[in-house]
Structures are given as structure tokens and as C-alpha cells.
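Undergrad: Residue numbers (the working numbering): 35 to 281. Just so it is clear, CB atoms sit at the ideal spot from N, CA and C, and this is done for glycine as well.
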């Protein structure tokens, strides 16, 4: 196959992937180049033989659009909430953890265009890259179709998470909330134990077991011990508040 035919085949394959993602987003771009740019990580720009633009400016715009849409929704939906609680919900909704979770649900990592070096180090499924790409897509939708369409996209992607986060356990530090519950009942504290540690020093992953009153409750993971402990505490609170366990 000559170079010209190979380029044509690669372009068709790329267009099919973009169409697949549009179906997942329930949005069709008028300007397809905006979607492609939203998916282009800076590592690809560094390795590409032709001039291309990365998604960082779109991410910057998308971050602002995301904040506006979420703030407006919270303001109208939770009329009796004080500013402090609204700010905490908003912070959790637009956090890297939440955005990366939503991105994973649509397999966004499969569509990101990145350099080979970044991909070999697991960049395609790195939380920060996924969250940034999702924000860039929101920015791209805003430029392509305006605020109304981007608002619909944001709420379609995040409304369930807003409702999930609207609980006391998510308005406060989950470790503090859990500790108060445990101290009230047992006059002791939850015990967090590192049971696994993996990865190089610059990219560690920790697995931590949460024990309450000598009973193993949950296991949390994170890129630091603090994040893993917080993850374990959050999972425990979900079980407690949904009445799936009693402590």
C-alpha cells in the first residue's frame, strides 16, 4: 500500500472513531476539527511531524464553562443551601476524580491522541489526562454550538454525580465524617493499613485496608496514602448510608 492510500485509510479510521465518540456524547460537531483538537494531548504535538495544536486552550475554556453550568444548576436546584455547602458540592463535582470517572465510563481514553512515549507510561488512562480531555471537549462543544448545547452536555454527563454528591458524607472530609461516627459508637478510630504498594517512586499506587472495631470494612486505592485512605473512608460511608452495612 502506497503512502497516499495509507494516509487515506488512517483518516477514515480516525473519522469513524470520532463518530463513535460523538454517539457516546449524544452530540454531533459541525466543526470536526474542534473535537479532534480537544482529544489531542500535548505529547502528540511534541512528536508529530506536522504542526498540530493541543487541547490545553480548550481545556481552559471548558473548565470555565463547566464551572458556570454546575454553579447555575446548584444555585437553582438547592435553594436552601448556604454558599459554603454549594461550594463544597461544586468542588467535588468538578474534581479530577469525578471527571476522570465520567471519562472512563465513556472509554474516553481510547480516543485520546497522544505521543508514543506518553502512551507507553500509561498516559491514556491517567486521571489527569482524562479529566483534562473531558474539559476540553466541553470547551469544544461551547465553541461549536454555544452555551445551551454545552449546558445540556455537562448536565447529561454529571447530573447523577451532582445528586450522588448531595449527601453530608460528601460535603465534608470523608475521613473526618467516618471517624466521628466510629468514635461516637466505639470510642476508637478507624484503622488504615497499607496492604499493597506498587509503581515507581514518581507514580506510586497504594492500596489501604480500612478496619473498624477489628472488622475489615473496605479497601481504598490512590496515588498517595492520603488519597487511598480517603477512598476507603468514602466507600465505607457509601455502605453505611445505603444501609448495606452497620457499624
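(1) Out of curiosity, what's the CA-to-CA distance linking residue 163 and residue 256?
(2) Sort out for me which residues DSSP pairs residue 239 with in a bridge.
(3) Which class does residue 52 belong to by DSSP, given the choice of helix, strand or coil?
(4) Starting from the Cα of residue 5, find the closest Cα among 266, 88, 65 and give me that residue.
(5) Under 8 Å between the Cβ atoms of residue 247 and residue 220?
(6) Taking the C-alpha atoms as reference points, what is the distance between residue 47 and residue 119?
(7) Of the residues 258, 250, 235, which one's Cα is nearest the Cα of residue 241?
(8) Write down the C-beta distance between residue 62 and residue 147 rounded to the nearest angstrom, noting that I regard them as a contact closer than 8 Å.
(9) Can you tell me the Cα-Cα spacing of residue 66 and residue 262, whole angstroms?
(10) Residue range of the beta strand (DSSP E) that residue 173 falls in?
(11) Buried or exposed, going by whether 16 or more other CB atoms sit within 10 Å of the CB of residue 209?
TA: On the basis of the data shown:
(1) 16 Å
(2) 232
(3) helix
(4) Because the chain in this structure spans residues 35 to 281, residue 5 falls outside the shown range and cannot be described.
(5) yes
(6) 46 Å
(7) 258
(8) Wrong, their Cβ atoms sit about 19 Å apart, outside the cutoff.
(9) 39 Å
(10) That residue, residue 173, is in no beta strand (DSSP E); its alpha helix (DSSP H) goes 161-179.
(11) buried
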